[in-house]
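Just so you know, we're using this note's numbering here: the sequence shown kicks off at 108 and counts up by one.
Inspection log for the structure reproduced underneath, given as structure tokens.
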Amino acid sequence: MNQKESKIAPLSPKELNVHHFGDEWKMNIADFHHLFHINKIEDVIPKIKFPLQPHRKTVNDFLFLTQGHSIRSKGLHEYKFGENTFFFLPAYQISTHEYVSTDAKGYFCHFDEEIFSKVFTKTQLSEEFNFWQFSGEPLVEVSKEMQKPILNILERLIYEYETNKSLNPNLITAYLLTLFTEISIFQKEQINLPKNAALRVTEKYKNLLSQHIYKTNKVSDYASMLAITPDHLNKCVKSTVGRTSQELLADMIILEAKVLLKQSSLSISEIAFKFCETNPSDFTRFFKGKTGVSPKEFRKNVIS
């Protein structure tokens with residue numbers, strides 16, 4: 108694989124624990140934590156120092172708030188959400204977690220899609236449920252009337268996780284699929300809301316940046332993927348988010364660079380080569396201009 112196109116290895120569940128909690132506190136986890144995990148948010152939030160740095164991971168996860176509010180990102184999209192709302196994040200998607208209010212309550216769950224293959228011959232969650240798609244809408248708000256049956260499922264998952272020494276894939280996958288099917292009813296109602304053309308173009312552009320930033324950093328290439336002119340793309344982005352298409356591209360480069368600086372042992376020159384084919388010092392100036400610190404200083408700060 109071309110070095111410029113290679114991506115940083117995502118964090119495993121074990122590595123995520125260190126990323127989130129450091130070495131100061133160890134979460135009580137089951138033996139099958141790498142395949143499935145669920146906990147109540149209020150039990151762990153006091154132990155996490157927000158904001159969390161950008162990262163990728165090998166498992167799917169979702170967050171459900173019953174109280175409080177949070178700010179979390181998926182790719183270049185930042186989402187603010189509150190009670191009765193799910194946030195879904197598929198594996199390998201880049202994410203940051205900016206904030207969770209101190210009064211937050213709810214549930215966090217991660218799982219490896221491998222557990223479904225132990226029970227079903229073919230279950231592709233992204234084909235069945237839009238919120239598990241790489242570019243799908245991650246937020247689903249449920250009605251208060253549906254909160255009780257949803258909480259019943261989540262509490263059953265908590266019980267199975269905390270009381271069993273080995274994973275029961277039949278039961279866990281049955282509960283998860285029931286949960287996702289119930290939730291999908293609400294998302295179908297929400298995704299049918301009309302969006303203007305400029306917003307649709309901007310969302311597609313952001314998703315393309317998440318997928319192809321290692322292959323190209325030219326706005327014209329992304330415009331070609333969208334079958335529009337660079338000028339039209341820029342107008343759509345500007346009218347939607349008040350920033351230029353080039354600025355969004357720069358945001359994506361910074362986001363990916365932070366992941367590489369945090370999660371890899373690549374030298375700064377090697378990281379620079381992935382985004383700047385000329386002189387690594389150009390990348391250093393670019394990074395410092397956007398973040399206020401050099402790549403070397405950023406790496407030192409997040410590791411210390």
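By construction, the Cβ of each residue, glycine as well, lies at the ideal position given by its N, Cα and C atoms.
Note that the structure is a prediction, hence the values are computed from the model and not measured.
With a cutoff of 8 Å on beta-carbon distance, L246 and T309 are scored as not near each other.
L172: not part of any alpha helix (DSSP H); member of the beta strand (DSSP E) spanning N167 to Q174, first to last residue. Cα atoms of L362 and P276: separation of roughly 35 Å, rounded to the nearest angstrom. Its chain contains N275, L278, I279 and Y282 as the residues whose beta carbon lies nearer than 8 Å to that of E267, once the 5 sequence neighbours on both sides are disregarded; these appear in chain order. Of all C-beta pairs linking the segment 214–226 to the segment 165–172, three or more are shorter than 8 Å, placing the two stretches in contact. With a threshold of 16 other beta carbon atoms within 10 Å, V400 falls short and is exposed.
Remark: C-beta atoms of S202 and S177 do not approach each other more closely than 8 Å. Under a 10 Å Cβ-count criterion, K251 is classified as exposed, with fewer than 16 other Cβ atoms of the shown protein chains found around its own Cβ. Counting C-beta pairs with one atom in each stretch, the segment 135–143 and the segment 117–124 have three or more that are closer than 8 Å, which means they touch. For the options A379, I360 and I257, the alpha carbon positioned closest to that of Q318 is the one of I360.
Rounded to the nearest whole angstrom, the CA to CA distance from N303 to E404 is 42 Å. The Cβ atoms of N314 and S242 lie closer than 8 Å to each other. Residue pairing by DSSP places I265 in no beta bridge whatsoever. For K147, the closest C-alpha among the options D389, E234 and Q174 is that of Q174.
According to the DSSP secondary-structure assignment, E248 is paired through a beta bridge with T192. Counting of Cβ neighbours within 10 angstroms places S180 among the buried residues, the total reaching 16 or more.
Beta-bridge analysis with DSSP links K212 to Q174. At a Cβ-Cβ threshold of 8 Å, K322 and A357 do not count as neighbours.
Excluding residues up to 5 positions away in sequence, K313 lie with their Cβ nearer than 7 Å to the Cβ of H184 in the same chain.
The beta-carbon separation of F236 and F287, rounded to 5 Å, stays under the 8 Å limit for a contact. In the three-state DSSP reduction, T280 falls in the helix class (H, G or I). Only exposed fits A334, as fewer than 16 other CB atoms lie within 10 angstroms of its CB. Closest by C-alpha distance to P197, out of E244, L172, Y186 and D389, is E244. DSSP, reduced to helix, strand and coil, places L159 within a strand of the structure shown. Counting along the chain, the unbroken beta strand (DSSP E) around T203 starts and ends at S202 to V207.
One Cα belongs to I265, the other to I145, and the distance between them is close to 6 Å. Under the DSSP assignment, H144 falls in the beta strand (DSSP E) whose first and last residues are F143 to K147.
Judged by beta-carbon spacing, K365 lies within the 8 Å limit of Q160, meaning their Cβ atoms are closer than that value. Relative to the Cα of H204, the nearest Cα in the group Q231, Q294, K212 and I155 belongs to I155.
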